[in-house]
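Q: One structure, pasted below without further comment.
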Amino acid sequence: MNKLILGMITVSLLAACSSPAPKETASSAPAAPETSTAADTSASTSAATSSQATPAASTDTAAAQAAADAAAAKAKADADAKAAELALLDKRTVYFDTNVDALQAADKETIMAHGKNLGKVSLLKARVAGYADERGSSEYNLALGQRRAKNTKKALVAAGAKDGQISTVSYGEEKPVATGHDESAWAQNRRAEISYDIAK
Amino acid sequence: MLRIYSFFFFLCLTQFARAELTIEITGAGEHQTPVSVLRFTGEDESQRISEVVANDLARTGLFKLVDPAGRSPRDANAVKYAEWSGVEALLIGSVTQQEGDKLVVTFQLVDTVRRSELLKLTVSSKKQQSRAIAHHIADMVYERLTGTPGVFSTRIAYVNRNEGNYRLVVADSDGYGEQALLNSKEPIMSPAWSPDGTRIAYVSFEQGRAMVFVQTLSTRERVLMAAFPGSNSAPAWSPDGSQLALVLTRDDSSQLYLVGVDGSDLRRITFSDTIDTEPTFSPDGKSLLFTSDRGGSPQIYSMSVDGGRATRLTFESGNSFSPRYSPDGKNVVYSLYSGGNFSIVVHDLESRQVQYLTSNALDKKPSFAPNGKLVLFATESSGRGILATVSSDGRVKQKMVAQSGDIREPVWGPFIKAMN
Numbered sequence: 790m791n792k793l794i795l796g797m798i799t800v801s802l803l804a805a806c807s808s809p810a811p812k813e814t815a816s817s818a819p820a821a822p823e824t825s826t827a828a829d830t831s832a833s834t835s836a837a838t839s840s841q842a843t844p845a846a847s848t849d850t851a852a853a854q855a856a857a858d859a860a861a862a863k864a865k866a867d868a869d870a871k872a873a874e875l876a877l878l879d880k881r882t883v884y885f886d887t888n889v890d891a892l893q894a895a896d897k898e899t900i901m902a903h904g905k906n907l908g909k910v911s912l913l914k915a916r917v918a919g920y921a922d923e924r925g926s927s928e929y930n931l932a933l934g935q936r937r938a939k940n941t942k943k944a945l946v947a948a949g950a951k952d953g954q955i956s957t958v959s960y961g962e963e964k965p966v967a968t969g970h971d972e973s974a975w976a977q978n979r980r981a982e983i984s985y986d987i988a989k
Numbered sequence: 005m006l007r008i009y010s011f012f013f014f015l016c017l018t019q020f021a022r023a024e025l026t027i028e029i030t031g032a033g034e035h036q037t038p039v040s041v042l043r044f045t046g047e048d049e050s051q052r053i054s055e056v057v058a059n060d061l062a063r064t065g066l067f068k069l070v071d072p073a074g075r076s077p078r079d080a081n082a083v084k085y086a087e088w089s090g091v092e093a094l095l096i097g098s099v100t101q102q103e104g105d106k107l108v109v110t111f112q113l114v115d116t117v118r119r120s121e122l123l124k125l126t127v128s129s130k131k132q133q134s135r136a137i138a139h140h141i142a143d144m145v146y147e148r149l150t151g152t153p154g155v156f157s158t159r160i161a162y163v164n165r166n167e168g169n170y171r172l173v174v175a176d177s178d179g180y181g182e183q184a185l186l187n188s189k190e191p192i193m194s195p196a197w198s199p200d201g202t203r204i205a206y207v208s209f210e211q212g213r214a215m216v217f218v219q220t221l222s223t224r225e226r227v228l229m230a231a232f233p234g235s236n237s238a239p240a241w242s243p244d245g246s247q248l249a250l251v252l253t254r255d256d257s258s259q260l261y262l263v264g265v266d267g268s269d270l271r272r273i274t275f276s277d278t279i280d281t282e283p284t285f286s287p288d289g290k291s292l293l294f295t296s297d298r299g300g301s302p303q304i305y306s307m308s309v310d311g312g313r314a315t316r317l318t319f320e321s322g323n324s325f326s327p328r329y330s331p332d333g334k335n336v337v338y339s340l341y342s343g344g345n346f347s348i349v350v351h352d353l354e355s356r357q358v359q360y361l362t363s364n365a366l367d368k369k370p371s372f373a374p375n376g377k378l379v380l381f382a383t384e385s386s387g388r389g390i391l392a393t394v395s396s397d398g399r400v401k402q403k404m405v406a407q408s409g410d411i412r413e414p415v416w417g418p419f420i421k422a423m424n
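Heads up: the sequence lines are chains A and B, in that order. First residue of the first sequence? That's 790 in my numbering, and the numbers climb one at a time after it. First residue of the second sequence? That's 5 in my numbering, and the numbers climb one at a time after it.
So, in structure tokens, the structure goes:
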């Protein structure tokens, strides 16, 4: 339970640490063109009074509009990317094939996002916990979980995290998330979980 | 390295008066000896010693318990042998309570075929230990009739997992007399009895990762044996009790190490870059069996305790785990995962023959009884982890169902020194 709560705190901490925060970006982005249009309007009004500046002013207005559109598009893209990254950061579990300790291609983006984040925010510490399904002995599965955690850590470091930011632990088959005896349960249990902690 | 813990908070030694397990027996020995256990005169109806003795004998599958049908000779001299033609042995006993809380039990084992007395003994104990006295009598009867020492007085250890609560439990071999050695919110794994039965080594996650503790049963004192970075697990005692084999991940992936029980002279003995785990000593202490995936899949290997080359032992199709020697060192029992099922398998080291003892889909973690006649293992019944035993010839199976929670990681303890 404690870990769950800690996990939720770290999500909000992550949001706070990564700059700028996603919601603010999203709401300020559409507002940007309006602001620049208002400025342009006042500029063109003042241009109308001084006749010689008119063509230049209209060119300026078009250019400003284009720049504003580009900025808006870029801001939107940035916001989308940030949102996507945060969505990836929300995903804190990666999965493994049976008796395999290598990460899957499907989890590459998730690992990249967490690795980059750890690299950016050096105050963050992460713990990777490795788990296994029940098909094996408890001790073999403890060893397998340790290798899954270790490989997950390696990938996070390759993605930008510092070695000292990440600790690993294995619980083997001891803490299943699904208790059935079929592939759908086993697939959920063959996992590594990334959790965050604040540096002491 | 060595730290002694006092644990007034999380250790609670609790004894339950009621039965924790329901026992179900299937199969029968090749030759069942018909025996009759008479009610002991003077025994407490609520704690019948004769009933415990009869149940012990029945569980082996080697005996057919014949109902005395009202016949109740007071002693061997009063036996009318003509009445007992279908029975080969009779157990007759009497119980007297002495001042204080002392029980004195006198029993006679009579051979109804040769019409002779096989055993006549008087044993005594405290009244609260009537089950222990019954197991002791059953051991003597079993040995006299089969020539093999009985294991009814030995104990077993296992982990009970119940809704996120873990208990390390020691119980009588019939599952009664549960005592919790450790209660924890974090997993407990791999209990291992010291050869003299006075201590148990185990893995506990109470400090956030797998660490090895050694606990003395009588004093409840315990020592943190291994807390290196990473996982510390799979403790196994050397037969002389002086060393432990352990699995550590501190240098690499899971590798085997030896360490003195006093924490001295830690040394690494495997150097693979794969998983090496579940070490267990041969009865002569010279070699180790362990599980390794160095060949691509988890299999059983053997190696000298001095290290060096390991030899692969298992070549069955599937994955092999959790090896254990038989007490005479001639056989190895392990858990084989093949075709979607975990089975308990015995490998004869001389003939290299493999025999399936069980196949219940989830049979794991086998260990021999100290007389080599039974194998204890973990299995599942109706969605719950339970204890089970199978005779070493595979004929007689017994399931023990816990009242609550999942039972995991069972291990049969050694013979204990004569009771006082």
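By construction, the Cβ of each residue, glycine as well, lies at the ideal position given by its N, Cα and C atoms.
#1: For SER237 of chain B versus MET307 of chain B, is the C-beta spacing smaller than 8 Å?
#2: Hey, could you find the ends of the alpha helix (DSSP H) ASP115 of chain B is sitting in?
#3: For the region 365–391 of chain B, which residues have a CB atom closer than 9 Å to at least one CB atom of chain A, in sequence order?
#4: Three or more C-beta pairs closer than 8 Å, one from the region 406–414 of chain B and one from the region 153–165 of chain B: is that the case here?
#5: With a threshold of 8 Å between beta-carbons, can GLU182 of chain B be considered close to chain A, or not?
#6: Give me the Cβ distance between MET229 of chain B and LEU248 of chain B, rounded to the nearest whole Å; I'm assuming they're in contact under 8 Å.
#7: Name the two residues that bound the continuous beta strand (DSSP E) containing TRP197 of chain B.
#8: For GLY398 of chain B, collect the residues of the same chain with a Cβ closer than 6 Å to its Cβ; drop the 5 residues on either side in sequence, then sort them by chain order.
#9: Determine whether the Cβ of VAL958 of chain A lies closer than 8 Å to any Cβ atom of chain B.
#10: Which residue wins for smallest C-alpha separation from ALA205 of chain B, given the options B:VAL114, B:ALA240, B:LEU95?
#11: Could you spell out where the beta strand (DSSP E) holding ASP410 of chain B opens and where it closes?
#12: At which residue ranges does the region 73–143 of chain B contain complete beta strand (DSSP E) runs of 3 or more residues, listed in the order of the chain?
#13: Have a look at THR957 of chain A and GLY234 of chain B and give me their C-alpha separation to the nearest angstrom.
#14: Got a sec: which bits of the region 323–342 of chain B sit with their beta carbon under 8 Å from any beta carbon on chain A, in order along the chain?
#15: Report yes or no: is there a C-beta of chain B within less than 8 Å of the C-beta of TYR929 of chain A?
#16: Can you list the beta strand (DSSP E) stretches of 3 or more residues lying completely in the region 901–979 of chain A, in chain order?
#17: Going straight from the alpha carbon of ALA82 of chain B to that of SER208 of chain B, what length do you get?
#18: Along chain B, which residues have their Cβ under 8 Å away from the Cβ of GLY925 of chain A?
#19: CA-CA distance, THR824 of chain A and LEU878 of chain A?
#20: Nearest-angstrom Cα distance between LEU793 of chain A and SER257 of chain B?
#21: Pull up the DSSP beta-bridge partners for PHE325 of chain B, would you.
#22: Among B:LEU149, B:ASP244, B:VAL56, which one has its Cα closest to the Cα of SER134 of chain B?
#23: Kindly provide the ranges of any beta strand (DSSP E) runs that are 3 or more residues long and lie completely inside the region 138–178 of chain B, ordered along the chain.
#24: Measure the C-alpha to C-alpha separation of ILE420 of chain B and SER157 of chain B and round it to an integer number of angstroms.
#25: Note down, in chain order, each residue of its chain lying with its Cβ closer than 6 Å to the Cβ of VAL218 of chain B, except the 5 sequence neighbours on either side.
#26: Is there a Cβ from chain A that is less than 8 Å from the Cβ of ALA214 of chain B?
#27: Taking beta-carbon pairs under 7 Å, can you tell me which members of the region 173–207 of chain B lie near chain A?
#28: Between which two residues does the alpha helix (DSSP H) carrying SER291 of chain B extend?
#29: List the endpoints of the continuous alpha helix (DSSP H) containing LEU317 of chain B.
#30: Run through chain A and tell me which residues come within less than 8 Å of GLU413 of chain B, C-beta to C-beta.
#31: With contact counted as at least three CB pairs below 8 Å, one residue from each stretch, are the region 59–76 of chain B and the region 128–147 of chain B in contact?
#32: When DSSP builds the beta bridges, which residues end up paired with PRO38 of chain B?
#33: What's the call for LEU907 of chain A, buried or exposed, on a 16-neighbour Cβ count within 10 Å?
#34: Assuming contact is defined by CB atoms lying nearer than 8 Å, are GLU282 of chain B and SER326 of chain B in contact in what I supplied?
#35: Of the residues B:ASP280, B:VAL405, B:LEU185, B:SER347, which one's Cα is nearest the Cα of LEU366 of chain B?
#36: For GLU982 of chain A and chain B, any beta-carbon pair shorter than 8 Å?
A: If we stick to the structure as given:
#1: The residue labelled residue 237 of chain B in the question sits at position 233 within the second sequence. The residue labelled residue 307 of chain B in the question sits at position 303 within the second sequence. No, Cβ-Cβ distance for SER237 of chain B and MET307 of chain B is not below 8 Å.
#2: For the purposes of this step, residue 115 of chain B is identified with residue 111 of the second sequence, where counting begins at 1. From DSSP, ASP115 of chain B is part of no alpha helix (DSSP H) but of the beta strand (DSSP E) over 106–115.
#3: ALA365, LEU366, LYS368, LYS369, GLU384, GLY387
#4: By the Cβ rule, the region 406–414 of chain B counts as touching the region 153–165 of chain B, because three or more pairs are nearer than 8 Å.
#5: Here residue 182 of chain B corresponds to residue number 178 of the second sequence, with the count starting at 1. With 8 Å as the cut-off, GLU182 of chain B does not count as an interface residue toward chain A.
#6: Taking the second sequence and counting its residues from 1, one reaches residue 229 of chain B at position 225. Taking the second sequence and counting its residues from 1, one reaches residue 248 of chain B at position 244. With a Cβ gap of about 7 Å, MET229 of chain B and LEU248 of chain B count as contacting.
#7: If you number the second sequence from 1, residue 197 of chain B lands on position 193. Where TRP197 of chain B is concerned, the enclosing beta strand (DSSP E) stretches over 192–197.
#8: The residue you call residue 398 of chain B lines up with position 394 of the second sequence. Cβ neighbours of GLY398 of chain B within its own chain (closer than 6 Å, five residues either side excluded): LEU361.
#9: As a first step, residue 958 of chain A must be located in the first sequence, where it is residue number 169. It does: the Cβ of VAL958 of chain A has a partner Cβ on chain B nearer than 8 Å.
#10: Here residue 205 of chain B refers to the residue found at position 201 when the second sequence is read from its first residue. Minimum Cα distance to ALA205 of chain B is reached at B:ALA240.
#11: The residue labelled residue 410 of chain B in the question sits at position 406 within the second sequence. Element bounds for ASP410 of chain B: 410–416.
#12: 93–102, 106–115, 120–130
#13: Working through the first sequence from its first residue, we reach residue 957 of chain A at position 168. Working through the second sequence from its first residue, we reach residue 234 of chain B at position 230. If I take the Cα positions, the gap works out to 7 Å.
#14: The residues in question are ASN323, PHE325, SER326, SER339, TYR341.
#15: The residue given as residue 929 of chain A occupies position 140 in the first sequence. Yes - at least one Cβ of chain B is within 8 Å of the one on TYR929 of chain A.
#16: For the region 901–979 of chain A, the continuous beta strand (DSSP E) assignments of 3+ residues that do not extend past its boundaries occur at 913–920, 955–961, in sequence order.
#17: For the purposes of this step, residue 82 of chain B is identified with residue 78 of the second sequence, where counting begins at 1. For the purposes of this step, residue 208 of chain B is identified with residue 204 of the second sequence, where counting begins at 1. Their Cα atoms are separated by approximately 57 Å.
#18: Numbered from its first residue, the first sequence carries residue 925 of chain A at position 136. PRO302, ASN323, PHE325, TYR341, listed in chain order.
#19: Here residue 824 of chain A is taken as the residue at index 35 of the first sequence, counted from 1. Here residue 878 of chain A is taken as the residue at index 89 of the first sequence, counted from 1. At THR824 of chain A, the pLDDT of 37 sits below 50, so the modelled position is not reliable; the number obtained from the coordinates is stated separately. So the alpha carbons of these two residues sit roughly 33 Å apart.
#20: As a first step, residue 793 of chain A is located in the first sequence; it is residue number 4 there, counting from the start. As a first step, residue 257 of chain B is located in the second sequence; it is residue number 253 there, counting from the start. The pLDDT assigned to LEU793 of chain A is 39, lower than 50, so where the model puts this residue is not dependable; a value taken from the coordinates is nonetheless given after this. About 28 Å.
#21: As a position in the second sequence, residue 325 of chain B is number 321, starting the count at 1. Answer is B:SER339, bridged to PHE325 of chain B.
#22: Residue numbering aside, residue 134 of chain B sits at position 130 when the second sequence is read from its first letter. Of B:LEU149, B:ASP244, B:VAL56, the residue nearest in Cα terms is B:VAL56.
#23: 159–166, 169–176
#24: As a first step, residue 420 of chain B must be located in the second sequence, where it is residue number 416. As a first step, residue 157 of chain B must be located in the second sequence, where it is residue number 153. If I take the Cα positions, the gap works out to 8 Å.
#25: Residue numbering aside, residue 218 of chain B sits at position 214 when the second sequence is read from its first letter. Hits under 6 Å: ARG203, ALA205, VAL227, MET229.
#26: The count along the second sequence starts at 1 and reaches residue 214 of chain B at position 210. Output row for ALA214 of chain B: interface = yes.
#27: PRO191, MET193, SER194
#28: To locate residue 291 of chain B, count along the second sequence from 1; it is residue 287. No alpha helix (DSSP H) contains SER291 of chain B, which is instead part of the beta strand (DSSP E) from 291–296.
#29: As a first step, residue 317 of chain B is located in the second sequence; it is residue number 313 there, counting from the start. Counting along the chain, LEU317 of chain B falls outside any alpha helix (DSSP H), and DSSP gives it neither H nor E.
#30: Here residue 413 of chain B refers to the residue found at position 409 when the second sequence is read from its first residue. What GLU413 of chain B touches in chain A: SER927.
#31: yes
#32: Looking up residue 38 of chain B in the second sequence gives position 34. Bridge partners of PRO38 of chain B: B:LYS68.
#33: Reading the first sequence from its first residue, position 118 is the one you call residue 907 of chain A. Per the 10 Å Cβ criterion, buried.
#34: Here residue 282 of chain B corresponds to residue number 278 of the second sequence, with the count starting at 1. Here residue 326 of chain B corresponds to residue number 322 of the second sequence, with the count starting at 1. Yes, the Cβ-Cβ distance between GLU282 of chain B and SER326 of chain B is below 8 Å.
#35: As a first step, residue 366 of chain B is located in the second sequence; it is residue number 362 there, counting from the start. It is B:SER347 whose Cα lies nearest to the Cα of LEU366 of chain B.
#36: Within the first sequence, numbered from 1, the residue matching residue 982 of chain A stands at position 193. No, because no Cβ of chain B sits closer than 8 Å to the Cβ of GLU982 of chain A.
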